[in-house]
Each structure stands twice: as C-alpha cells, then as structure tokens.
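Asker: A single structure is presented below for examination.
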Amino acid sequence: VGTRSGVVGIFQSTKKLVLSEQAGRGRALEFLRKNAANGLSVANLLAGLSSILCSVNRQYQHSCWLLLLGFLLDLADGAVARQLDACSALGAKLDDFADFTTFGLGTALLLQPQGVLGGLLTLAYVLAVFARLCFFSSGKMSPWAWGGFGVLPLTLNSWHPTGIPFTYRGLPCPYASALLASTFLLTGGHVALLRVAAAAMILFMADCGFYPHDRVLESQLWKKLVYAGGVVAVLLAPAAVAAVYCLAWATSYIVFPFALWSCKA
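If you're matching positions, the sequence shown starts at 7 in the numbering used here and goes up one per residue.
Spelled out as structure tokens, the structure:
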C-alpha cells in the first residue's frame with residue numbers, strides 16, 4: 007500500500023509540474039503576442055535615440071542608416087499588432103513617441119542647424135512632425151486604431167480625422183524622414199539641398215492633402231516585395247543602392263500616393 011501511495015504521489019507531483027510548465031509557457035507566449043508590436047516600436051525608439059547621438063557626434067552617415075531602419079520598423083509594428091490582435095492604447099502612445107523621436111528629432115538634426123536660419127528650419131521641421139502626430143492622436147479612437155505613422159482608426163464606422171477611411175491628412179512623417187536620409191546619403195550631406203528638401207517636406211506635412219494608409223505588409227504582393235527589397239537594401243546592399251531604393255520608394259508615395267499606394271491600387 008505504501009509503495010502504491012508513493013507511486014501515486016510521484017505521478018501527481020509530475021502532473022502538477024507538467025501543468026505548471028505548460029501554464030508558464032502559455033503565459034510567456036501570451037506576453038510575447040501582446041508585446042511583439044511594442045517591441046518593434048521600442049526598437050524604432052532606440053534607432054531614433056541612436057541616430058540623435060550619432061548626429062551630435064557628427065556621424066551623419068550612421069544616423070541616416072538608423073533613420074532608414076526606423077522607417078522599416080515603423081511600417082511593421084502596426085501590421086504586427088493587427089495580425090496578432092494586440093492593438094492597445096499603450097502601443098499607440100509608444101508608437102507616437104518613437105515616431106517623434108526618430109522622424110522628428112532624429113531627422114531634424116540631419117539639417118545641421120548652424121546659424122539662425124538653419125536653427126529656425128530645424129525647429130519648424132520638429133514642430134511639423136509634432137503637429138501631425140498630435141492631430142492623429144486627437145479625437146475618439148477605435149480599439150483597432152493603432153498603426154504606423156500615428157493613430158488612425160481603421161474601421162468604416164469609427165472616427166476618422168480626414169473623414170475618409172484609410173487615409174491620412176498631410177504627408178506621414180516617416181516618408182519625409184526616409185527621403186531626407188536618402189538624400190543625405192546620395193549627396194554626401196549637401197546642406198543647402200537638404201534644407202530645400204526639408205522645407206518641401208514641412209509643406210507636405212502641413213498640407214491638407216490626403217495620403218493613403220497603404221498598409222504595405224497587409225496589401226498586394228508587390229507592396230510586400232517592395233518592403234522586403236527595402237529590408238535587403240538597408241541591411242545588405244551598398245550605400246548608393248540602398249539610398250536610391252529608399253529615395254525612389256518615398257518619392258513614389260509622395261508624388262503618386264493614390265495611383266500607386268492606396269488600398270485599391
């Protein structure tokens with residue numbers, strides 16, 4: 007009887023241990039599911055902070071690569087959140103903060119603010135990005151609202167800042183950042199040209215024109231291939247090739263937003 011009780015006790019202890027391990031594994035997987043997109047936003051934030059440090063130390067080439075990496079991360083975080091059904095208010099705030107750091111502060115420092123005019127242009131660029139993110143963070147939000155480039159409701163019956171589903175009002179700041187970083191790499195940091203481009207990006211961001219929420223990773227196959235090409239270009243391709251690729255990508259969105267990048271394109 008004693009031996010039988012001992013065997014039963016060992017079996018029950020083993021069962022409890024296995025169930026405990028399964029529960030722990032389930033909690034870990036649930037934590038990863040809920041925070042995968044937040045992890046991408048944090049990576050974007052770190053890229054932006056690192057870019058700022060590089061610019062402060064006049065390592066502008068490194069700063070540009072980090073900005074392009076942040077551009078790719080920002081395109082991915084919203085798609086991951088929606089695919090994993092992990093949208094949250096925390097994710098929206100984290101995404102906006104990361105966007106302001108990377109595409110506002112980090113990108114503005116590429117303008118090398120020296121002198122009154124350079125300083126004013128840099129401040130204007132930061133304020134333009136700040137205004138866009140504040141605009142898309144205001145109003146009543148849908149629980150499906152979180153995505154890249156700030157907060158925008160994604161359902162037909164939810165509130166829309168533009169009044170039109172699946173659109174932004176004003177140029178999304180990541181595309182402006184990608185254009186400026188690519189221009190810097192291609193021109194070797196030609197300050198005058200960069201400032202002209204930055205002034206144009208400020209006007210595009212402040213403009214009331216509409217831009218599509220393209221959702222690259224949740225759209226047509228060719229858009230996913232464009233994204234994959236961007237990852238390969240930024241991580242593996244020569245600097246000139248990567249810069250031309252990202253410049254063409256950003257320019258195509260700015261110049262032909264609905265013809266190429268709308269959900270119906």
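Cβ atoms here follow ideal geometry from the backbone N, Cα and C, with glycine treated the same way.
Mark Asn44 as exposed unless 16 or more other C-beta atoms lie within 10 angstroms of its C-beta, in which case mark it buried.
Answerer: For the purposes of this step, residue 44 is taken as residue 38 along the sequence shown, with counting starting at 1. Asn44 is buried by the Cβ-count criterion.
Asker: Could you tell me the alpha carbon to alpha carbon distance between Phe77 and Thr20, rounded to whole angstroms?
Answerer: On the sequence shown, position 71 is the one that residue 77 refers to. On the sequence shown, position 14 is the one that residue 20 refers to. So the two alpha carbons sit approximately 49 Å from each other.
Asker: Using a Cβ distance threshold of 8 Å, determine whether the segment 207–225 contacts the segment 54–70, with at least three qualifying pairs required.
Answerer: Contact fails: fewer than three Cβ-Cβ distances are below 8 Å.
Asker: Using DSSP with H/G/I as helix, E/B as strand and the rest coil, what is Pro218?
Answerer: Taking the sequence shown and counting its residues from 1, the one referred to as residue 218 is at position 212. Strand at Pro218.
Asker: Would you kindly work out how many angstroms separate the C-alpha atoms of Phe106 and Pro119, rounded to a whole number?
Answerer: Position 100 of the sequence shown holds residue 106. Position 113 of the sequence shown holds residue 119. Each residue's Cα considered, the two are about 18 Å apart.
Asker: Should Leu46 and Ala82 be called a contact, given that it needs their Cβ atoms to be closer than 8 Å?
Answerer: Residue 46 sits at position 40 when you count from the first residue of the sequence shown. Residue 82 sits at position 76 when you count from the first residue of the sequence shown. In contact: Leu46 and Ala82 (Cβ atoms closer than 8 Å).
Asker: Using the C-alpha atoms, what's the distance from Arg31 back to Leu73?
Answerer: In the sequence shown, residue 73 corresponds to position 67, counting from 1. In the sequence shown, residue 31 corresponds to position 25, counting from 1. Those two C-alpha atoms are separated by around 35 Å.
Asker: Suppose the cutoff is 7 Å on Cβ atoms and the five residues either side in sequence are ignored; what does the same chain contact list for Ala204 look like?
Answerer: By 1-based counting over the sequence shown, the position of residue 204 is 198. Hits under 7 Å: Leu117, Leu127, Tyr131, Leu186.
Asker: Would Val240 and Ala246 qualify as a contact pair, given that the criterion is a beta-carbon distance under 8 Å?
Answerer: Taking the sequence shown and counting its residues from 1, the one referred to as residue 240 is at position 234. Taking the sequence shown and counting its residues from 1, the one referred to as residue 246 is at position 240. No; because the gap between Cβ atoms is not below 8 Å, this pair is not in contact.
Asker: When the Cα atoms are used, what is the spatial distance from Phe190 to Ala34?
Answerer: Against the sequence shown, residue 190 aligns to sequence position 184. Against the sequence shown, residue 34 aligns to sequence position 28. Cα-Cα distance, rounded: 42 Å.
Asker: Find the nearest neighbour of Gly194 within the set Val122, Asp80, Cys70, Ala92, judged by alpha-carbon distance.
Answerer: Position 188 of the sequence shown, counted from the start, is the residue given in the question as residue 194. When each option's Cα is compared against that of Gly194, the closest is Cys70.
Asker: Apply the 10 Å Cβ neighbour rule to Leu242 and answer buried if 16 or more other Cβ atoms are within range, or exposed otherwise.
Answerer: What you label residue 242 is simply residue 236 of the sequence shown in a count that begins at 1. When all chains shown are included, Leu242 counts as exposed.
Asker: How would you label Phe262, buried or exposed, when you count the other beta carbons within 10 angstroms and need 16 or more for buried?
Answerer: To locate residue 262, count along the sequence shown from 1; it is residue 256. Exposed, since its Cβ has fewer than 16 Cβ neighbours within 10 Å.
Asker: Measuring CB to CB, does Ala53 end up less than 8 Å from Leu38?
Answerer: In the sequence shown, counting from the first residue as 1, residue 53 sits at position 47. In the sequence shown, counting from the first residue as 1, residue 38 sits at position 32. Not closer than 8 Å, so no.
Asker: Are the beta-carbon atoms belonging to Ala184 and Trp255 less than 8 Å from one another?
Answerer: For the purposes of this step, residue 184 is taken as the residue at position 178 of the sequence shown. For the purposes of this step, residue 255 is taken as the residue at position 249 of the sequence shown. Cβ atoms of Ala184 and Trp255: closer than 8 Å.
Asker: For Arg33, which three-state DSSP category applies?
Answerer: Here the question's residue 33 lines up with position 27 in the sequence shown. In the structure shown, Arg33 sits in a helix (DSSP, three-state: H, G or I).
Asker: Using 8 Å for Cβ pairs, my map puts Cys252 next to Ser188. What's the rounded Cβ distance?
Answerer: The residue you call residue 252 lines up with position 246 of the sequence shown. The residue you call residue 188 lines up with position 182 of the sequence shown. Contact holds; Cβ gap of about 4 Å.
Asker: Please report the straight-line C-alpha distance between Arg201 and Val122, rounded to a whole angstrom.
Answerer: As a working note, residue 201 is residue 195 in the sequence shown. As a working note, residue 122 is residue 116 in the sequence shown. If I take the Cα positions, the gap works out to 13 Å.
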